[in-house]
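Asker: Here the working numbering is used: the first residue of the sequence shown is 12, the next is one more, and so on. Heads up, the beta-carbon is just placed ideally off N, CA and C, and yes, glycines get one too. This structure is a prediction, so every number in the text was calculated from the model and none was measured.
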Amino acid sequence: MPELKLYNSLTRKKEVFEPLDPSHVRMYACGPTVYNYAHIGNARMAVVFDLWARVLRHLYPKVTYASNITDVEDKIMIAAREAGVPISEITEKYTRIYNDDMAALGVLPPDVQPKATEHIQEMIDLCTALIDKGHAYEAEGHVLFNVPSDPSYGALSGRSRDEQIAGARVEVAPYKKDPADFVLWKPSSEDEPGWDSPFGFGRPGWHIECSAMAEKHLGLPFDIHGGGADLKFPHHENEIAQSCCAHDTEDAPDSFAKYWLHNGFLTVEGEKMSKSLGNVLIAHDLIESYPGEALRLTLLSAQYRQPLDWSEATLQQNKKLLDKLYTKIKDSDVDAGEIPQGILDALCDDLNTPQVMAELNALAKADDIAALKAAGKLLGILQQDANEWLGYGQSDGAAEIEALLAERTQAKAEKNFARADEIRDQLKAQGIEIEDTPDGPIWRKAG
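1. Counting only runs of 4+ residues fully inside the region 31 to 108, write out the alpha helix (DSSP H) ranges in chain order.
2. Where does alanine 268 sit, in a helix, a strand or coil, going by DSSP?
3. Just the Cα atoms here: how many angstroms apart are glutamate 413 and leucine 62?
4. Mapping the DSSP letters down to three states, classify leucine 195 as helix, strand or coil.
5. Taking three-plus beta-carbon pairs below 8 Å as touching, is the region 234 to 247 in contact with the region 136 to 144?
6. Which value, in whole angstroms, describes the spacing of the CA atoms of histidine 153 and proline 215?
7. How many angstroms separate the CA atom of leucine 355 from the CA atom of valine 367?
8. Just the C-alpha distance for glutamate 323 and tryptophan 454, rounded to the nearest angstrom, thanks.
9. What are the start and end residues of the alpha helix (DSSP H) that includes leucine 17?
10. Tell me the DSSP secondary structure of arginine 455 in three-state form.
11. Taking only the alpha-carbon atoms, compute the straight-line gap between lysine 341 and leucine 332 and give it to the nearest angstrom.
12. On the DSSP bridge list, what partners appear for histidine 295?
13. Starting from the Cα of leucine 306, find the closest Cα among Asn372, Gln395, Lys330, Gln441 and give me that residue.
14. Over the uninterrupted beta strand (DSSP E) stretch that includes arginine 214, give me the two end residues.
15. Just verifying my parser: in three-state terms, what is the DSSP assignment at histidine 247?
16. Just list the residues that DSSP pairs valine 154 with in beta bridges.
17. Using the Cβ count rule (16 or more neighbours within 10 Å means buried), how would you classify tyrosine 186?
18. Return the CA-CA distance between methionine 88 and proline 97, expressed in angstroms with no decimal places.
19. Are the CB atoms of tyrosine 315 and threonine 364 nearer to each other than 8 Å?
20. Return the Cβ separation of alanine 493 and isoleucine 101 in integer angstroms, given the expectation that the two are a contact with Cβ distance under 8 Å.
21. What residue does the beta strand (DSSP E) around glutamate 444 start on, and which one ends it?
22. How many Å lie between arginine 170 and aspartate 379 at the Cα?
23. On the DSSP letters alone, give me the boundaries of the alpha helix (DSSP H) that glutamate 433 sits inside.
24. Looking at the structure shown, is lysine 330 part of a helix, part of a strand, or coil, going by DSSP?
25. Alpha carbon to alpha carbon, what distance is there between proline 43 and phenylalanine 273?
26. Who pairs with aspartate 396 in a beta bridge, going by DSSP?
27. Using beta-carbon positions only, say whether cysteine 255 and asparagine 79 come within less than 8 Å of one another.
28. Determine the extent of the alpha helix (DSSP H) in which glycine 353 is found, giving its start and end residues.
29. Using DSSP bridges, identify the partner residues of histidine 236.
30. Verify whether the separation of the beta carbon atoms of alanine 294 and alanine 49 is less than 8 Å.
31. Around the C-beta of arginine 107, are 16 or more other C-beta atoms found within 10 angstroms, so that it is buried, or is it exposed?
32. Return the residue from the list Leu358, Arg37, Ala357 that minimises the CA-CA distance to lysine 73.
33. Give the single residue among Glu151, Gly145, Thr75 whose Cα lies nearest to the Cα of glutamine 124.
34. Are phenylalanine 193 and proline 245 close, meaning C-beta to C-beta below 8 Å?
35. Beta-carbon separation of valine 279 and leucine 297 under 8 Å?
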């Protein structure tokens, strides 16, 4: 088995992956809060961790990959209130859209997709344990985690005490014992979603959700926890604090998850995505305009930890690469072979996808069809019919095109080359390209 290396955010270095149980690798990645459409940055996380799961499944006999759905949160409540519907109507709609959109990007369903609302008791139990152990307290209907009680707090992010407080200012309240303390449970009014608990009618804070769901479905400790770089602080830092302190392992921050993986930020044409700039790219919209595999390959074109600058030029470049690869495998009945060693070595080097791109080009140049198909299956590309991808026979006016093509063939047989050229130009103006082959002319819609 090749040696898998990954960059562990917790230790801030690249390490050789040593699973806790080689017969069963367990990974968790923070999924979406379902109140609106996912943007392309959300999609990058889903695609990256889908690839991690694919690589792990290739290397190990059993992998359990869990990625949650946050279906109770203040943003969801606001969206439901504005629409005048229960939160379940919002969350069910956008969960379905998210899963459909990610499937269009080649993302396989996680083995477990837990929903926060189905794990309320586990969250209440976690809150109770933290209170009993002196790491949390009740105040005005809230349960708050007391950050100074955790000697290892800050191990993941490396933030200083002042930075921790600055990062927590969104939650500053007079009932806090410490400015950095964060909410585990909050009260709900009668017209807000809520559940009965020992602390009163209320709902969980965001951070406690993933701690409870990860423990429920993967057990503690588990191998890999991941998500976007924006979650490192405070979300992932708080998960470690909650889970470790609840199990008396606060001096060992790796007793929750051994390895932490974070994908880098995504910019658009060199600028940060923001509503004010009007450059927030919605995955659902992009899928309407571009092939899912082209979007997927673009999301993988930069090494996952590095920033990715999304541009039309990069997207078109990856579409052209896929066109080249599909052209190579078109009409080939060769079955997929073994995963090429160069591809596997690149993926095992902390998902070195830029090197993967170079390996794909080399395989295409060598006409190694079996290797290309094997690599495509692992990477989640080259999974469509090649003729369909390349546009052969794909047009609403296929019958008319075929008739013109037959007329052109007849014109050439009669040496009426002017008419034959005229038909070619007519079809070209319609976006149809003709290729003359030894077996006769074929046509495709230009991509």
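Answerer: By the coordinates alone:
1. 51 to 70, 85 to 94
2. strand
3. 41 Å
4. strand
5. no
6. Their backbone Cα atoms lie some 10 Å apart in a straight line.
7. 8 Å
8. Roughly 27 Å between the two C-alpha positions.
9. It is not in any alpha helix (DSSP H) - leucine 17 instead sits in the beta strand (DSSP E) that spans 16 to 19.
10. strand
11. 14 Å
12. Partner(s): none; histidine 295 has no beta bridge.
13. Lys330
14. Looking at the DSSP string, the run of the beta strand (DSSP E) that includes arginine 214 is 213 to 215.
15. helix
16. Glu149, Trp196
17. exposed
18. 8 Å
19. yes
20. Since the first and last residues shown for the chain are 12 and 458, residue 493 lies out of range.
21. 443 to 448
22. So the two alpha carbons sit approximately 49 Å from each other.
23. 428 to 440
24. helix
25. Note that residue 273 is histidine in the sequence shown, not phenylalanine. When rounded, the distance between both Cα atoms is 15 Å.
26. Answer is none; aspartate 396 lacks a bridge partner.
27. no
28. Unbroken alpha helix (DSSP H) run through glycine 353: 352 to 358.
29. Tyr39, Trp271
30. Taking a C-beta distance under 8 Å as the contact criterion, alanine 294 and alanine 49 qualify as a contact pair.
31. exposed
32. Arg37
33. Thr75
34. Closer than 8 Å, so yes.
35. no
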